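Visitor: Going by this note's numbering, the sequence shown wraps up at 304, each residue one higher than the last. Just so you know, even glycine gets a beta-carbon here, dropped at the ideal spot from N, CA and C. Values in this document were obtained by computation on a predicted structure and should not be read as measured data.
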Amino acid sequence: MFDYGGRTGYEPISEVDRKEFHEQGFMLLRNVLTEDHRAALEEAVDRVYAEEKAAGNTTKDGTLHLLGFLDRDELFGELLTHPVAFPYMWGLAGWNIYTHHNHLDVTPPALEPEKPYWGWHQDGYRQNSDPETMDPNLPRPMFSLKVAYVLSDLSENGRGATKVIPGSHLLNSLPRPADLTVQNPDPEGTVEITANPGDAFIFDRRQWHSRSTNLSTITRKMLFVGYTYRWIRPLDELHPDLASQWWQNRTPVQRQLLGEGTHTANYWGINWDGYIDDEIPLRKELKTRGLLDRNVPWLR
Numbered sequence: 005m006f007d008y009g010g011r012t013g014y015e016p017i018s019e020v021d022r023k024e025f026h027e028q029g030f031m032l033l034r035n036v037l038t039e040d041h042r043a044a045l046e047e048a049v050d051r052v053y054a055e056e057k058a059a060g061n062t063t064k065d066g067t068l069h070l071l072g073f074l075d076r077d078e079l080f081g082e083l084l085t086h087p088v089a090f091p092y093m094w095g096l097a098g099w100n101i102y103t104h105h106n107h108l109d110v111t112p113p114a115l116e117p118e119k120p121y122w123g124w125h126q127d128g129y130r131q132n133s134d135p136e137t138m139d140p141n142l143p144r145p146m147f148s149l150k151v152a153y154v155l156s157d158l159s160e161n162g163r164g165a166t167k168v169i170p171g172s173h174l175l176n177s178l179p180r181p182a183d184l185t186v187q188n189p190d191p192e193g194t195v196e197i198t199a200n201p202g203d204a205f206i207f208d209r210r211q212w213h214s215r216s217t218n219l220s221t222i223t224r225k226m227l228f229v230g231y232t233y234r235w236i237r238p239l240d241e242l243h244p245d246l247a248s249q250w251w252q253n254r255t256p257v258q259r260q261l262l263g264e265g266t267h268t269a270n271y272w273g274i275n276w277d278g279y280i281d282d283e284i285p286l287r288k289e290l291k292t293r294g295l296l297d298r299n300v301p302w303l304r
């Protein structure tokens, strides 16, 4: 449908990119979406936004944070295996993955100055407590990562872009101001991810990040798709109609990414005999293409 120069979504990422991601915890990818693809996605977002606003599901200032949006449009389902972004998902997390959490965000210009807030956090909720060791110097497991598609112009500060602290994914805690009733400066090293329409960024769920206030005249429009291991339970409610055309259009790999599995052990990457299930769609695809790698644990 859109011309990506023959890219399939199965071109391995470079070792330079892998090293940068592991060191920084995030990576900005330029020109991920072609302009016609970006425009089509924005049109779909505008349609969904209008539907949600009419249903009374936006905030007073018109902000929408819609979870589990993928089955609202054919284009959204195709994002699961985007030819430029998808290699980073399986390249950094492996073949036994699916989308557990995805959200569509529309953030109009703020109507008034916000009260002081402290928005810095790591994703994962109890994943930041349950598997933690008593050694504060031992980073928690990554468990999941996200790709964020930028549909509007976030090329300047103050347009509601995500803020991150590069390298902070290796820190289990972040100093928190004692008084949150006053405006506090961002932590040292904060970077606002300024991006052009059609760019995308990926980030480790452990990356300390925060939203920011949209002080501009531009409405921020973003699509976030998170990927985690199939043995982790979903965060969002996503119940696609298996009789719908949308589901019928999904490839075997996309269906895996939407949570399909043949049995419970399959989600753990094995058959009931305890051996790896080579029929798991993404593993099968990578194996057929010679992309499994015994030197990379998640690609074995």
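With a Cβ-Cβ cutoff of 7 Å, do G230 and N106 count as a contact?
Guide: Yes, these two residues count as a Cβ contact at 7 Å.
Visitor: Below 7 Å between beta carbons: does that hold for P112 and G66?
Guide: Yes, they are a contact pair.
Visitor: I'd like the span of the beta strand (DSSP E) that includes Y102, first residue to last.
Guide: Residues I101 to T111.
Visitor: Quick one: is A247 buried, meaning 16 or more other Cβ sit within 10 Å of its Cβ, or exposed?
Guide: Per the 10 Å Cβ criterion, exposed.
Visitor: Looking at Q28: is its Cβ nearer than 7 Å to the Cβ of P191?
Guide: Cβ distance not < 7 Å, so Q28 and P191 don't count as in contact.
Visitor: DSSP on E46, reduced to helix/strand/coil?
Guide: If DSSP states are grouped into helix, strand and coil, E46 belongs with the helices.
Visitor: Measuring only the C-alpha atoms, how far is G273 from S220?
Guide: So the two alpha carbons sit approximately 47 Å from each other.
Visitor: Can you tell me whether R259 is helix, strand or coil according to DSSP?
Guide: It is helical.
Visitor: Among the candidates H26, K225, L71 and A97, whose CA atom is the shortest distance from the CA of D50?
Guide: When only C-alpha atoms are compared, the closest one is K225.
Visitor: Look at D7 and A48 and say whether their C-beta atoms are less than 7 Å apart.
Guide: Not closer than 7 Å, so no.
Visitor: Give the straight-line distance between the Cα atoms of L33 and N200, rounded to the nearest whole angstrom.
Guide: For L33 and N200, the distance between alpha carbons rounds to 10 Å.
Visitor: Would you kindly work out how many angstroms separate the C-alpha atoms of G123 and L184, rounded to a whole number?
Guide: Distance between the alpha carbons of G123 and L184 is about 10 Å.
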